[in-house]
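Engineer: In our numbering, the protein residues as written are 29 to 656.
Every residue, glycine too, gets a C-beta built ideally from N, C-alpha and C.
After the structure tokens below, expect a handful of questions from me.
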Amino acid sequence: MKLKPNQLKPNALKLNKFVFIAFFVTALLCLNACNSKQNTLVVQGDKHWVVLEAKDAKHTNGKFEWKFQLEHSGEYIIQLITTGDNQGSTPSAQVQIDDWQTDEELKSTFTIKSESSFQTVSQFTKDIIFSEEGKHAISITTSTPFVSIRIIPHFSNGIGSGKYYDQWLQMHNSVEKTTAMTWFKEAKFGMFIHWGLYSQAGGIWKGTRIDDSPYPGPKVAEWLMSTFQIPRIEYEELAKTFNPDKSFAENIARLAKDAGMKYVVITSKHHDGFALFDSKCSDYDMVDRTPYKADAVKELYDACLKEGLDFGIYYSHGNDWYDGGDGNYANVKMHNDSIGIYTHPQGKNLWDPSPDTHAEYLEAKAYPQIEELVRMLPKLRLIWFDGEGLITEEQAFSFYKLVYDINPNVIVNRRVGYDFGDYLDAGDNKIPSSSENIEKYWETCGTTNNSWGFKPYDQDWKSSRELLYYLIDIASKGGNYLLNIGPDGNGHVPEFSAKGLREMGKWMETNGESIYGTSRWKIVHEGHGETLLEGTGERKKKGFARKFSSEDFWFTSKENKVYAISLVESVGKAVIKSMSVNVAGKIKSVKMLGYHSELEWNQSIDQLEVKLPEQMPNPNGYALEISF
29 MKLKPNQLKP NALKLNKFVF IAFFVTALLC LNACNSKQNT LVVQGDKHWV
79 VLEAKDAKHT NGKFEWKFQL EHSGEYIIQL ITTGDNQGST PSAQVQIDDW
129 QTDEELKSTF TIKSESSFQT VSQFTKDIIF SEEGKHAISI TTSTPFVSIR
179 IIPHFSNGIG SGKYYDQWLQ MHNSVEKTTA MTWFKEAKFG MFIHWGLYSQ
229 AGGIWKGTRI DDSPYPGPKV AEWLMSTFQI PRIEYEELAK TFNPDKSFAE
279 NIARLAKDAG MKYVVITSKH HDGFALFDSK CSDYDMVDRT PYKADAVKEL
329 YDACLKEGLD FGIYYSHGND WYDGGDGNYA NVKMHNDSIG IYTHPQGKNL
379 WDPSPDTHAE YLEAKAYPQI EELVRMLPKL RLIWFDGEGL ITEEQAFSFY
429 KLVYDINPNV IVNRRVGYDF GDYLDAGDNK IPSSSENIEK YWETCGTTNN
479 SWGFKPYDQD WKSSRELLYY LIDIASKGGN YLLNIGPDGN GHVPEFSAKG
529 LREMGKWMET NGESIYGTSR WKIVHEGHGE TLLEGTGERK KKGFARKFSS
579 EDFWFTSKEN KVYAISLVES VGKAVIKSMS VNVAGKIKSV KMLGYHSELE
629 WNQSIDQLEV KLPEQMPNPN GYALEISF
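Structure follows, in structure tokens:
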């Protein structure tokens with residue numbers, strides 16, 4: 029018998045109350061512990077805050093200076109704390125932390141009240157990203173009298189207590205996980221699929237495009253329910269007409285194979301809460317609510333295995349607009365308001381939340397559905413969690429452990445929460461700089477246009493050369509590329525999207541050896557500077573104007589070989605400075621992938637010069653295999 033969304037386990041409500049009480053008591057204990065006078069990491073509100081008292085600073089002519097110790101890298105916000113109720117005032121300040129600085133007028137965002145006094149929290153609009161932990165120096169110049177400076181982890185930079193770290197590390201370092209991560213590092217290139225009820229609407233609701241919605245929110249098609257604030261009972265009507273072609277699974281699996289991809293990840297349940305598989309704990313799924321009456325996830329799983337592709341699932345565990353209540357927003361906001369921190373709604377359902385609490389949703393739906401999926405798909409490779417924003421550390425760990433206990437061969441991404449993932453993601457359509465120090469293995473997920481879900485009026489398709497650039501650049505920096513398609517309600521992939529993927533596949537058929545199973549070499553790239561990608565919105569606004577020349581080469585490595593990859597046709601000769609004797613060492617042989625005749629080449633102390641063949645294996649560029 030299937031549980032309706034509001035048919036909950038009897039101990040769920042008790043558990044939620046217990047978690048909240050424990051959370052509140054912990055917060056009070058932390059606040060009482062803020063009597064430390066040291067200008068280093070102290071306990072106040074959260075043990076990962078840096079609180080710097082004005083009275084402890086080196087003070088000269090309105091400039092206050094401290095040195096502090098940071099235990100965790102990531103994104104942080106900076107706050108100025110003053111005494112009294114200064115709401116409406118606009119203090120100004122200049123802050124410098126190491127080489128980073130900002131000079132601005134601060135808006136008063138919170139008033140913290142106690143029985144005897146109150147303080148005003150004014151927050152800088154500019155956040156700072158610390159690339160590494162350790163010692164840092166900060167100075168603030170202001171004429172505004174203040175009590176302290178707080179440096180607090182950004183809401184997207186969830187840092188745990190460390191309570192579960194040893195247990196997590198033991199699982200993460202297991203033989204099964206290590207073997208699975210070896211596969212992941214070798215696979216390099218995968219297909220992401222955003223597909224669900226929203227695919228039928230195509231980013232349009234009642235004749236209005238999502239870009240013109242009167243409500244705030246992401247303008248990508250899969251956020252339709254949130255960005256239009258559609259009531260649950262109205263949105264669920266889409267299920268009655270969701271009836272894709274029966275051939276969708278084999279068609280998509282074949283496209284992924286043709287593109288040279290090694291694995292496929294589909295949205296088994298996105299934020300809208302609708303499951304594409306036959307769930308036993310909820311009837312809000314493909315089998316029970318649609319005329320399709322079949323398990324789409326299982327069908328795609330079987331089709332991918334038949335094509336020799338590995339399989340993964342996306343699952344939105346933190347956000348569920350249909351069954352997840354307010355996503356724990358009210359509880360978190362009550363705590364954060366008391367200590368002067370803004371609570372970001374992060375896509376939570378605040379317009380028509382279900383009557384159950386978020387903790388009840390986890391117990392009745394999210395945990396059981398993850399168990400269903402892992403047991404149903406015995407050869408599952410990975411789970412791509414999402415929407416973790418306001419879940420607790422214990423809940424994030426519970427998801428990781430649940431997966432491990434059923435099948436330790438399944439790897440988990442970092443969005444499970446609190447650094448419990450087996451690998452990182454750089455962010456949606458984000459490519460890190462080659463100078464960034466990334467400790468864990470990582471992946472970038474990207475789109476072929478500017479939306480993840482189907483959006484027929486978005487015709488800004490990335491060319492095959494642009495997509496190849498992202499793949500090659502990411503591989504040269506040591507990461508994976510998970511490239512998305514957004515099929516329509518029938519399961520059909522837009523023509524231009526499919527065309528770009530197949531052209532990538534032709535390049536990979538010849539040059540895939542320079543991508544699969546490779547690692548980052550000591551030099552990432554030579555030629556023109558990096559063209560970084562900072563998110564889906566940036567690419568939409570700025571487009572892609574980079575030009576490639578014969579001077580541009582990206583490098584990957586494998587065993588005793590380095591691959592020099594170019595994105596332009598061969599003209600005469602290739603001159604590669606990074607392959608000089610002084611930099612790379614003595615070269616043994618040079619060949620072009622896909623070209624079977626010998627090449628003429630000469631290595632000097634300054635460069636490697638290679639005479640290129642007149643006929644190119646692929647117009648989008650070539651790869652040289654250089655052995656040492």
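1) Are threonine 451 and tryptophan 470 closer than 8 Å when you measure CB to CB?
2) Quick one: give me the first and last residue of the alpha helix (DSSP H) that valine 444 is part of.
3) Can the beta-carbon of leucine 640 be found closer than 8 Å to that of lysine 605?
4) Just curious, the beta strand (DSSP E) that tyrosine 27 is in, first and last residue?
5) Indicate the three-state DSSP secondary structure (helix, strand or coil) for methionine 289 in the structure shown.
6) Within the region 373 to 453, note down every full beta strand (DSSP E) run reaching 3 residues or more, in order along the chain.
7) Apart from the five residues on each side of it in sequence, which residues of its chain come closer than 7 Å, Cβ to Cβ, to aspartate 380?
8) Excluding the 5 residues preceding and the 5 following arginine 574 in the sequence, name in chain order all residues of the same chain whose CB lies nearer than 6 Å to its CB.
9) Are phenylalanine 413 and valine 293 touching if we call contact CB-CB under 8 Å?
10) Given 8 Å as the limit, is there contact between the region 548 to 562 and the region 496 to 508, that is, 3 or more CB pairs closer than that?
11) Pick from Trp629, Ala358 and Glu264: whose alpha carbon is nearest that of glycine 301?
12) Excluding five sequence neighbours on each side, which residues of the same chain lie with their C-beta closer than 6 Å to the C-beta of aspartate 351?
13) For the region 559 to 568 and the region 472 to 480, state whether three or more C-beta atom pairs, one from each stretch, are separated by less than 8 Å.
14) Mark glutamine 97 as exposed unless 16 or more other C-beta atoms lie within 10 angstroms of its C-beta, in which case mark it buried.
15) Check whether the region 530 to 537 and the region 572 to 592 touch, using three or more Cβ-Cβ pairs below 8 Å as the test.
16) Using C-beta distances below 8 Å, list every residue in its chain close to alanine 55, excluding the 5 sequence neighbours before and after it, in chain order.
17) Would you report the Cα separation of leucine 197 and histidine 386, rounded to the nearest angstrom?
18) Enumerate in chain order the residues of its own chain whose CB-to-CB distance from serine 608 is below 8 Å, with the five nearest sequence positions on each side excluded.
19) So what does DSSP say about tyrosine 469, is it helix, strand or coil?
20) When the distance is taken between beta carbons, is valine 438 closer than 8 Å to valine 431?
21) Checking 8 Å against the spacing of the C-beta atoms, do asparagine 107 and isoleucine 168 come in under that value?
22) Label lysine 483 either buried or exposed according to how many other C-beta atoms from any shown protein chain fall within 10 Å of its C-beta, with 16 as the threshold for buried.
23) Is the beta carbon of leucine 408 less than 8 Å from the beta carbon of asparagine 435?
24) How is threonine 153 classed by DSSP in three states: helix, strand or coil?
25) Return the Cβ separation of serine 136 and threonine 148 in integer angstroms, given the expectation that the two are a contact with Cβ distance under 8 Å.
26) Per DSSP, what are the beta-bridge partners of tyrosine 342 in this structure?
27) Do you know how far the Cα of lysine 154 is from the Cα of serine 130?
28) Using the three-state DSSP reduction, which class does serine 202 fall into: helix, strand or coil?
29) By Cβ distance, which residues of its chain are closer than 8 Å to glutamine 487, with the 5 residues on each side in sequence left out?
Structural biologist: Per the coordinate set shown:
1) Checking the sequence, you will find tyrosine at residue 451 rather than threonine. Yes, they are a contact pair.
2) Per DSSP, valine 444 lies in no alpha helix (DSSP H) segment and is marked neither H nor E.
3) no
4) Because the chain is modelled from 29 through 656, residue 27 falls outside the range shown and cannot be assessed.
5) coil
6) 410 to 414
7) Pro259 and Arg260
8) Thr559
9) no
10) The count of Cβ pairs closer than 8 Å, one atom from the region 548 to 562 and one from the region 496 to 508, reaches three, so the stretches are in contact.
11) It is Glu264.
12) Closer than 6 Å at the Cβ level, and outside the excluded window around aspartate 351, lie Pro33, Gly301, Ser382, Tyr389 and Lys393.
13) yes
14) exposed
15) no
16) In this prediction, alanine 55 scores a pLDDT of 40, lower than 50, which makes its location untrustworthy; the coordinate-derived value is nonetheless stated afterwards. Excluding positions up to five away in sequence, the list reads Gly73, His363, Ser366 and Ile367.
17) 27 Å
18) Within the same chain, serine 608 has close Cβ partners Gln631, Ser632, Ile633, Asp634, Gln635 and Leu636.
19) coil
20) yes
21) Sequence inspection shows glutamine at residue 107; the asparagine mentioned does not correspond to that position. Taking 8 Å as the Cβ cut-off, glutamine 107 and isoleucine 168 do not qualify as a contacting pair.
22) buried
23) yes
24) Looking at threonine 153 - three-state DSSP - the assignment turns out to be coil, as it is neither helix nor strand.
25) Confirmed, Cβ separation roughly 5 Å.
26) Thr295 and Trp412
27) Note that residue 130 is threonine in the sequence shown, not serine. Answer to the nearest angstrom: the Cα atoms are 7 Å apart.
28) coil
29) The beta carbon of glutamine 487 lies closer than 8 Å to those of Asn477 and Phe524 in the same chain, with the five residues before and after it left out.
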